[in-house]
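Colleague: Counting from 3, one number per residue, gives the positions in the sequence shown under the working numbering.
Backbone N, C-alpha and C fix where the C-beta goes; we use that ideal spot for every residue, glycine too.
Sharing a structure below in structure tokens format, with a few things to ask.
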Amino acid sequence: AACFSWQLYEAMCPSYKVTKDKTLSPKGRAAMLREWVRMLSTEADSAAIASLEAEIFRSLNACLSCKSCTYSCPLKVDIPELKSSFLAHYYQNRKRKLRDWLVSNLEGLAEIARIVPGFANLLLHNHLSAALLKALFHFVSPPRFSESLRTGLRRRNAKRLQLKKLPTDQTFSDKTLILLPDSFNASFDSEVLFAAYELLERLGYQVLVAPVLNNGKASHVTGIRDEFKRRANRHVRKMRQLASLKLPLISVEVVTRLMHEKEYAEILQQTPDYRVWSIENWLAQQIKSGCLDKANLGELPPGADQNFLLLPHCMEQCTDRRSTQDWQVLFEFFGLSLTTRAAGCCGMAGLFGHELENQTMCNDIFNLNWKGIAENHRGTLLASGFSCQFQLRRQGFQVKHPLTLLSEIIRTGGANMR
Numbered sequence: 003a004a005c006f007s008w009q010l011y012e013a014m015c016p017s018y019k020v021t022k023d024k025t026l027s028p029k030g031r032a033a034m035l036r037e038w039v040r041m042l043s044t045e046a047d048s049a050a051i052a053s054l055e056a057e058i059f060r061s062l063n064a065c066l067s068c069k070s071c072t073y074s075c076p077l078k079v080d081i082p083e084l085k086s087s088f089l090a091h092y093y094q095n096r097k098r099k100l101r102d103w104l105v106s107n108l109e110g111l112a113e114i115a116r117i118v119p120g121f122a123n124l125l126l127h128n129h130l131s132a133a134l135l136k137a138l139f140h141f142v143s144p145p146r147f148s149e150s151l152r153t154g155l156r157r158r159n160a161k162r163l164q165l166k167k168l169p170t171d172q173t174f175s176d177k178t179l180i181l182l183p184d185s186f187n188a189s190f191d192s193e194v195l196f197a198a199y200e201l202l203e204r205l206g207y208q209v210l211v212a213p214v215l216n217n218g219k220a221s222h223v224t225g226i227r228d229e230f231k232r233r234a235n236r237h238v239r240k241m242r243q244l245a246s247l248k249l250p251l252i253s254v255e256v257v258t259r260l261m262h263e264k265e266y267a268e269i270l271q272q273t274p275d276y277r278v279w280s281i282e283n284w285l286a287q288q289i290k291s292g293c294l295d296k297a298n299l300g301e302l303p304p305g306a307d308q309n310f311l312l313l314p315h316c317m318e319q320c321t322d323r324r325s326t327q328d329w330q331v332l333f334e335f336f337g338l339s340l341t342t343r344a345a346g347c348c349g350m351a352g353l354f355g356h357e358l359e360n361q362t363m364c365n366d367i368f369n370l371n372w373k374g375i376a377e378n379h380r381g382t383l384l385a386s387g388f389s390c391q392f393q394l395r396r397q398g399f400q401v402k403h404p405l406t407l408l409s410e411i412i413r414t415g416g417a418n419m420r
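Take a look at the structure:
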């Protein structure tokens, strides 16, 4: 079975790779879930069902919900989706962890914290708060809130869209596009959004910044599916409003971009009637079609003596291998050399890497491959996923998003390339 591969560069399956326990593989989990469904349908002995449910819960608790199996498995077994459905059933008659309610409401709390990120960090990042999060919620290493998106965009004179006042009667140039912040990078990594804005603007685009839309990812992962469906409906409805402007919709985060194609499509039983582009794919196509030139950029620094290494998010590895090629096209346009390497999973996988009980596995997965690569590429290391960057920094390594690097090059003429 493909999910039993021990190749470190393959994303599937991190929990199996690090434990060699077949019950922690997609095939093992799928087999247990099939038996569970069979037992429920035949009204098997309740004690036997409860025993199997306990074993399935143990196995799925070690699932990173990374979706590598969804895209890499020849049979397209979607364990994260099955996990979400199982947890919804499992907790019908059981008390949920406090942490589930905390993380499922995190986006709402983050809306408030984004207004005053400095104060939010003061409240969150101290010894008392860390101890309370660990003791009450089994939650560790919360990310720091970054610079206020509102403040940063105002300083850049960016035009922000309001859903209630969309300029539907306006005629836009063919160089106008919509940049989509998501609740995670708007809260914890606004730097990459600012970098994307600056890069697009210098390339001659008129950038309209969309409102931050909550995506409900945590509700899906924890199996609070009724709430996830409500949030998915709300999110898709607002996206359709933005799509009505008939402008390119550009995203910088792979996880939330792919939710439109997978989680939303599955829970709502319909394929989105709009397209969300990854920024690297959009720009690579513009370069290949000759729509971009360097006239607005000034003199660019030579990049022959700098070979940067990009470690793509594991979902990028699995869903669209052209993504790494697109990044290379973009770097070549700027006169820079970029090598990309599939490295498997970094071990963070969003929520998984913050759960206290998963710290050993999280670190062990990182040590399988990412640690050695990071040690050999200090100073030139790039990562495209927020979780990947967070994991690298937590492990003591410096890393940049490729957009941050490109923005710095444009802004400083290469002075801060490292």
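Taking the alpha carbon of glycine 225 as the point to measure from, which residue in Leu195, Ser43, Ser67 and Thr25 has its own alpha carbon closest?
Modeller: It is Ser67 whose Cα lies nearest to the Cα of glycine 225.
Colleague: Going by Cα to Cα distance, which pick from Leu407, Asn360, Ser386 and Gly349 is closest to glutamine 397?
Modeller: Checked all of Leu407, Asn360, Ser386 and Gly349; the closest Cα to glutamine 397 is Gly349.
Colleague: Using DSSP with H/G/I as helix, E/B as strand and the rest coil, what is asparagine 365?
Modeller: Of the three classes helix, strand and coil, the one that applies to asparagine 365 here is helix, per DSSP.
Colleague: Could you pull out every unbroken beta strand (DSSP E) segment of at least 3 residues lying fully inside the region 312 to 374, listed in chain order?
Modeller: Qualifying beta strand (DSSP E) stretches, in chain order: 338 to 342.
Colleague: Starting from valine 105 and walking both ways along the alpha helix (DSSP H), at which residues does that stretch end?
Modeller: Segment 100 to 106, the alpha helix (DSSP H) holding valine 105.
Colleague: Using 8 angstroms as the threshold, is the region 168 to 182 in touch with the region 239 to 254, meaning 3 or more CB pairs across them?
Modeller: Verdict: yes, contact present.
Colleague: Leaving out five residues on either side along the sequence, give the residues of the same chain with a beta carbon under 6 angstroms from the beta carbon of glutamate 265.
Modeller: These residues qualify, in order along the chain: His222.
Colleague: I believe serine 27 touches phenylalanine 6 by the beta-carbon criterion, under 8 angstroms. Please report the beta-carbon distance rounded to the nearest angstrom.
Modeller: Confirmed, Cβ separation roughly 6 angstroms.
Colleague: Would you kindly report the start and end of the unbroken alpha helix (DSSP H) that includes threonine 406?
Modeller: Unbroken alpha helix (DSSP H) run through threonine 406: 404 to 414.
Colleague: Taking the beta carbon of glutamate 57 as the centre, do at least 16 other beta carbons fall within 10 Å, making it buried, or is it exposed?
Modeller: With fewer than 16 Cβ atoms within 10 Å of its Cβ, glutamate 57 is classed as exposed.
Colleague: Considering Cα atoms alone, identify which of Glu263, Val278 and Arg277 is closest to glutamine 271.
Modeller: Cα-wise, what sits closest to glutamine 271 is Glu263.
Colleague: Please confirm whether any heavy atom of the ligand SAH lies closer than 6 angstroms to the CB of phenylalanine 174.
Modeller: With respect to the ligand SAH, the structure offers nothing, as it holds no ligand at all.
Colleague: Please give me, in chain order, every unbroken run of the beta strand (DSSP E) with length at least 3 that falls completely inside the region 232 to 280.
Modeller: Qualifying beta strand (DSSP E) stretches, in chain order: 251 to 253 and 278 to 280.
Colleague: Does lysine 402 pass the burial test, meaning 16 or more other C-beta atoms within 10 Å, or should it be called exposed?
Modeller: By the 10 Å Cβ count, lysine 402 comes out buried.
Colleague: Is the Cβ-Cβ distance between tyrosine 18 and alanine 344 less than 7 angstroms?
Modeller: Contact flag unset, no.
Colleague: May I ask which residues mark the beginning and end of the alpha helix (DSSP H) holding alanine 13?
Modeller: First-last for alanine 13: undefined, no H or E at that position.
Colleague: Check for me: the beta strand (DSSP E) holding threonine 72 runs from which residue to which?
Modeller: Per DSSP, threonine 72 belongs to no beta strand (DSSP E); it is in the alpha helix (DSSP H), 70 to 74.
Colleague: Do you know offhand how far alanine 306's Cα is from serine 339's?
Modeller: Because the pLDDT of alanine 306 is 47, which lies under 50, any placement of that residue in the model is unreliable, and the question is left without a value.
Colleague: Could you check the C-alpha separation between methionine 34 and lysine 22 for me, to the nearest Å?
Modeller: Their Cα atoms are separated by approximately 17 angstroms.
Colleague: Alpha carbon to alpha carbon, how far is arginine 324 from leucine 155?
Modeller: Cα to Cα, the separation comes out at about 31 angstroms.
Colleague: Using 8 angstroms as the cut-off, can you tell me whether the region 89 to 102 makes contact with the region 43 to 51, which would need three or more C-beta pairs spanning the two stretches below that distance?
Modeller: No: fewer than three Cβ pairs fall under 8 angstroms.
Colleague: Exposed or buried, which one is lysine 85 when buried takes at least 16 other CB atoms within 10 Å?
Modeller: Buried: at least 16 other Cβ atoms inside 10 Å.
Colleague: Which runs of the beta strand (DSSP E) fall wholly inside the region 31 to 81 and span at least 3 residues, in chain order?
Modeller: Segments of the beta strand (DSSP E) lying fully in the region 31 to 81: there are none.
Colleague: Going by beta carbon distance, what residues of the same chain come within less than 8 angstroms of isoleucine 479, once the five residues before and after it are set aside?
Modeller: Lying outside 3 to 420, the shown extent of the chain, residue 479 is not represented and no answer is given.
Colleague: In or out: glutamine 94 buried (at least 16 other Cβ within 10 Å) or exposed?
Modeller: Exposed, by the Cβ-count rule.
Colleague: With a 10 Å radius around its C-beta and 16 neighbouring C-beta atoms as the bar for buried, classify asparagine 371 as buried or exposed.
Modeller: Label assigned to asparagine 371: buried.
Colleague: Which residues does DSSP list as the beta-bridge partners of alanine 385?
Modeller: The partner list for alanine 385 (beta bridge, DSSP) reads Leu313.
Colleague: Between Arg413, Phe368, Asn378 and Leu408, which lies nearest to glutamine 391 when the distance is taken from Cα to Cα?
Modeller: That would be Phe368, whose Cα lies nearest to the Cα of glutamine 391.
Colleague: Go through its chain and collect everything with a Cβ distance to alanine 13's Cβ below 6 angstroms, but skip five positions before and after it.
Modeller: Around alanine 13: Ser70, Cys316, Gln319, Cys320, Gly346 and Cys347.
Colleague: Measuring only the C-alpha atoms, how far is histidine 129 from serine 185?
Modeller: Rounded to the nearest angstrom, the two C-alpha atoms are 26 angstroms apart.
Colleague: CB-CB under 6 angstroms to arginine 227, same chain, minus the five flanking residues each way: which ones, in chain order?
Modeller: Excluding positions up to five away in sequence, the list reads Ala90.
Colleague: Return the residue from the list Leu205, Phe141, Pro213 and His237 that minimises the CA-CA distance to lysine 296.
Modeller: Ranking Leu205, Phe141, Pro213 and His237 by Cα distance to lysine 296 puts Leu205 first.
Colleague: For a test of the three-state rule: what should DSSP assign to lysine 161, helix, strand or coil?
Modeller: Residue state, collapsed to three classes: strand.
Colleague: Whole angstroms is fine: what's the gap from alanine 133's alpha carbon to leucine 100's?
Modeller: Roughly 15 angstroms separates the two Cα atoms.
Colleague: When burial is assigned at 16 or more other CB atoms within 10 Å of the CB, is tyrosine 207 buried or exposed?
Modeller: Label assigned to tyrosine 207: buried.
Colleague: According to DSSP, which residues form a beta bridge with glutamine 172?
Modeller: Note: glutamine 172 sits in no beta bridge, so no partner.
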